[in-house]
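Heads up, the sequence shown is in UniProt numbering, so the first residue is 1 and it goes up one at a time. Backbone N, C-alpha and C define an ideal beta-carbon position, used for all residues, glycine too. Keep in mind the model is a prediction, meaning the values are calculated, not measured. In what follows, a single structure is set out as structure tokens and then discussed.
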Amino acid sequence: MRILGIESSCDETGVALVETLADGGVPRLAAHALHSQISMHQAYGGVVPELASRDHIRRVLPLTEAVLAEAGWTRADIDVVAFTRGPGLAGALLVGAGVACALGAALGRPVLGVHHLEGHLLSPFLSADPPQFPFVALLVSGGHTQLMRVEGVGRYELLGETIDDAAGEAFDKSAKLMGLPYPGGPWLSKLAEGGDAQAFKLPRPLLHSGDLDFSFAGLKTAVLTQTKKLGADLEARKADLAASTQAAIVEVLVRKSLAALERTGLKRLVVAGGVGANKLLREQLNAACARRKVRVHYPELALCTDNGAMIALAAAMRIQSGLSRPEARYAFDVKPR
Ligand code: KG4
Ligand code: ZN
1 MRILGIESSC
11 DETGVALVET
21 LADGGVPRLA
31 AHALHSQISM
41 HQAYGGVVPE
51 LASRDHIRRV
61 LPLTEAVLAE
71 AGWTRADIDV
81 VAFTRGPGLA
91 GALLVGAGVA
101 CALGAALGRP
111 VLGVHHLEGH
121 LLSPFLSADP
131 PQFPFVALLV
141 SGGHTQLMRV
151 EGVGRYELLG
161 ETIDDAAGEA
171 FDKSAKLMGL
181 PYPGGPWLSK
191 LAEGGDAQAF
201 KLPRPLLHSG
211 DLDFSFAGLK
221 TAVLTQTKKL
231 GADLEARKAD
241 LAASTQAAIV
251 EVLVRKSLAA
261 LERTGLKRLV
271 VAGGVGANKL
281 LREQLNAACA
291 RRKVRVHYPE
301 LALCTDNGAM
311 IALAAAMRIQ
321 SGLSRPEARY
331 AFDVKPR
């Protein structure tokens with residue numbers, strides 16, 4: 001089965017082609033293409049939803065033609081059209097859903113809406129070193145921070161999640177306070193490389209709460225207080241503040257992930273979502289897990305942030321495991337929340 005996947009939940013238009021294998025193994029990625037809107041939103045310091053929707057409209061079909069050409073397939077080779085049904089920006093989601101359903105209707109092929117986070121969660125299966133079930137998943141994106149026990153496709157138990165800001169949000173908001181461009185995560189992490197992580201004492205909320213929940217709003221407030229205190233000195237101390245902020249976020253993520261592994265007794269960890277690209281997080285998780293004989297899996301760096309491949313893959317794995325059936329019903333809806 002050949003699946004076209006469309007991702008349009010936020011500020012990346014992602015399109016990909018995935019093919020299921022006769023032996024029931026992990027589906028194969030045949031082609032993927034991405035258009036990032038980051039430079040367009042940068043001038044506004046964050047994603048402008050209306051601009052995002054309009055740009056998805058411009059990009060989806062050309063990207064679809066590009067992946068078909070790359071895979072050497074024609075439109076007629078597509079068996080199923082998958083799209084991100086949510087969560088995300090309503091208008092942006094509607095573009096992906098609308099195009100997917102229009103394509104499905106035009107080609108006479110069924111469609112399937114996919115949960116964006118399930119896409120992130122399963123994305124490491126496309127890596128050179130795919131995980132095996134069961135595992136603990138740390139999902140860290142711009143909108144979500146969750147720890148999950150994953151028994152199989154569609155068998156997810158939420159172990160803990162953020163009670164306020166997501167980890168990516170903590171990176172982005174702190175970066176904004178330091179005058180860094182949007183999205184701040186990668187910028188802050190780059191700046192932090194030249195800084196002293198011990199320079200500022202920042203809170204690690206809920207670190208000792210005994211549960212697996214997270215809270216990052218207090219950290220952002222502490223960063224705000226520091227930037228105000230520093231005033232004109234901020235520029236000179238920015239790298240230290242970035243390093244201290246990153247260290248605080250990463251420490252909480254690492255400690256809670258280890259606690260989740262301990263609680264479940266599982267020896268495998270999957271890290272997914274945009275923050276999973278963070279170098280310090282990877283280094284610290286790798287070191288801590290190696291000491292505990294836990295294997296850690298990440299998506300390929302290019303598939304850490306939003307992309308169409310994870311959506312096509314999630315659809316393929318759901319169909320393969322009999323959990324979802326694509327339908328030739330083209331009255332679409334989306335689930336922003
Ligand atoms: O998964 P994603 O692309 O989109 C959502 O579904 O939210 O994640 C985007 C988030 C942003 O907050 C971005 O700043 C963060 O991932 N991010 C990073 C890094 N790369 C992306 N945060 C820290 N370090 C990075 N290297
Ligand atoms: Zn995402």
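#1: Can you name, in chain order, every residue of its own chain whose Cβ lies under 7 Å from the Cβ of G194, other than the five neighbours on each side?
#2: Is there at least one non-hydrogen atom of ligand 1 closer than 6 Å to the beta-carbon of S324?
#3: DSSP state of L147, grouped into three classes?
#4: Using only the heavy atoms of ligand 2, determine whether one of them is closer than 6 Å to the beta carbon of A172.
#5: Check whether the Cβ atoms of A30 and A71 lie closer than 7 Å to each other.
#6: Considering only residues of the region 136-216, which uninterrupted alpha helix (DSSP H) runs meet the minimum length of 4 residues and lie entirely inside it, listed in chain order?
#7: Extract the residue ranges of the alpha helix (DSSP H) inside the region 65-147, only unbroken runs of 4 or more that lie entirely within it.
#8: Whose CA, out of T13, C10, V15, V26, lies closest to the CA of M1?
#9: Pick helix, strand or coil for R337, following the three-state DSSP scheme.
#10: How is the alpha helix (DSSP H) around G308 delimited, first residue to last?
#11: Let me know the alpha helix (DSSP H) ranges lying completely inside the region 216-282, each 4 residues or longer, listed in chain order.
#12: Distance check for R75 and L258, CA to CA, integer angstroms please.
#13: For a test of the three-state rule: what should DSSP assign to E50, helix, strand or coil?
#14: Count the CB pairs spanning the region 220-231 and the region 259-277 that are closer than 8 Å, and state whether there are at least three.
#15: Ordered along the chain, which non-local residues of its own chain (more than five positions away) have a Cβ less than 7 Å from that of R204?
#16: Whose beta carbon lies closer than 5 Å to any heavy atom of ligand 2, going through the chain in order?
#17: Please return the same chain residues whose Cβ sits closer than 7 Å to the Cβ of I57, not counting the five positions on each side in sequence.
#18: Check for me: the beta strand (DSSP E) holding S36 runs from which residue to which?
#19: Does the distance between the C-beta of A277 and the nearest non-hydrogen atom of ligand 1 fall short of 6 Å?
#20: Could you check how far apart the C-beta atoms of A197 and A243 are, in whole angstroms? I think they sit under 8 Å.
#21: Do the region 79-96 and the region 109-121 meet, that is, are 3 or more Cβ pairs less than 8 Å apart?
#22: Short check: CB of I163 to CB of D213, under 7 Å?
#23: List the whole-angstrom C-beta distance separating V334 from L93, where the pair is believed to meet the contact cut-off of C-beta under 8 Å.
#24: Quick check on V60: does DSSP put it in helix, strand or coil?
#25: Starting from the Cα of E7, find the closest Cα among A43, G98, W73 and give me that residue.
A quick look at the data gives this:
#1: Only A239 meet the Cβ criterion.
#2: S324 Cβ: outside cutoff for every heavy atom of ligand 1.
#3: The answer is strand: DSSP assigns L147 an E or B state.
#4: In the sequence under discussion, the amino acid at residue 172 is Asp, which differs from the Ala named in the question. No - ligand 2 has no heavy atom lying nearer than 6 Å to the Cβ of D172.
#5: Cβ distance < 7 Å, so A30 and A71 count as in contact.
#6: Scanning the region 136-216 from its first residue to its last, the whole alpha helix (DSSP H) runs of 4-plus residues come out as 167-177, 184-192.
#7: Counting whole runs of 4 or more residues, the region 65-147 contains the alpha helix (DSSP H) stretches 90-107, 116-122.
#8: M1 has its Cα closest to that of V26, out of T13, C10, V15, V26.
#9: In the structure shown, R337 sits in coil (DSSP, three-state: anything other than H, G, I, E or B).
#10: Counting along the chain, the alpha helix (DSSP H) containing G308 begins and ends at 308-320.
#11: Fully enclosed alpha helix (DSSP H) runs of 4 or longer: 217-230, 234-264.
#12: Whole-angstrom Cα-Cα distance: 45 Å.
#13: Assigned with DSSP and collapsed to three states, E50 falls in helix.
#14: Cβ pair count under 8 Å is below three, so no.
#15: Result list for R204: A248, E251, V252, in chain order.
#16: Every residue whose Cβ sits closer than 5 Å to any heavy atom of ligand 2 is listed here in chain order: S141, D306.
#17: Answer for I57: V95, listed in chain order.
#18: Membership of S36 in the beta strand (DSSP E) is indicated by the continuous run 28-36.
#19: Within the cutoff, so yes.
#20: Rounded, the Cβ-Cβ distance is 4 Å, consistent with contact.
#21: Cβ pair count under 8 Å is three or more, so yes.
#22: Yes. Within cutoff.
#23: About 4 Å; that satisfies the 8 Å criterion.
#24: Secondary structure of V60 (DSSP, three-state): helix.
#25: With distances taken between Cα atoms, E7 lies closest to G98.
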